[in-house]
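Comments concern the structure below.
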Amino acid sequence: MSYSQKEALKKLAKTSSWPKFSGTGEYDHMELNDYIDGLFIDVPSIPDYWITARLNTEFKGHASIWYTEMKEIHGRRNCPWWKSQIIQKYSNGTWVWQKTMLFENDKYSVDKDTYEWCLRQSKRLKAIDTQMNIQMRNHKSPDTNARRTRECSEMQMQPKLHCR
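At position 161 of the sequence shown (counting the first as 1) the number is 161 in the numbering used here, and the numbers step up by one without a gap.
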């Protein structure tokens, strides 16, 4: 093991601090994928197989059964492949439709917590289109809430702004 690999391994968080994935949370599959992306950003020199080797400890319940079966069928695969399989399995059409309906029907009102509303809507946009980056979610959202979503993005960067 090279010196840079040893340093990368030191920076890699213990799996006990990784998000657990059961497949039952509303967005937990997206959170796991985001966490994996974050690992590659935080530790760019990390070999892909260091992440995939740890995945089996992150799956719980029926997601663990699914993961084990997929591994038996497809063998050792890289992170992008696993991420796409997780999205394919847990972001099915019904789930995306539900998030679309929630996004369209959750209109902002002054009696709602502004910041929480903005975060909910941002998560829903990400769920509707996984390829949509944060700039697209903030500036090209496919709904009448687009202006409010942009304002929310600005609010996240400048806490004194409000969605009104």
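The C-beta atom is built at its ideal place from N, Cα and C for all residues, glycine as well.
Quick check on the burial criterion: 16 or more other C-beta atoms within 10 angstroms. Buried or exposed for residue i?
i, result
"Ser122", "buried"
"Arg76", "exposed"
"Phe103", "buried"
"Ile36", "buried"
"Trp117", "buried"
"Lys107", "exposed"
"Leu119", "exposed"
"Ile41", "exposed"
Let me check understanding here. Comparing Cα to Cα, which of the options lies closest to residue i?
i, options, result
"Arg54", "Asp113, Lys99, Trp18, Glu31", "Trp18"
"Thr57", "Lys71, Thr15, Glu104", "Thr15"
"Ser64", "Trp81, Ile86, Cys79, Asn78", "Ile86"
"Met30", "Ile41, Trp97, Lys83", "Lys83"
"Ile165", "Cys79, Gly61, Thr68", "With the chain covering 1 to 164 only, the question about residue 165 has no answer from this structure."
"His62", "Asp129, Gly25, Thr100, Asn105", "Gly25"
Tell me which same chain residues have a C-beta within less than 8 Å of the C-beta of residue i, skipping the five on either side of it?
i, result
"Trp66", "Gly23, Phe59, Lys89"
Got a sec? Which residues, its chain only, sit under 6 Å from residue i by beta carbon, not counting five neighbours each side?
i, result
"Asp28", "Phe21"
At the level of alpha carbons, what is the spacing between residue i and residue j?
i, j, result
"Asn33", "Val110", "33 Å"
"Trp95", "Ser45", "35 Å"
So what's residue i in DSSP terms, helix, strand or just coil?
i, result
"Pro19", "coil"
"Pro142", "Residue placement at Pro142 is poorly supported in this model, since its pLDDT is 46, which falls under 50; the coordinates still yield a value, given next. Pro142 falls in the coil class under three-state DSSP."
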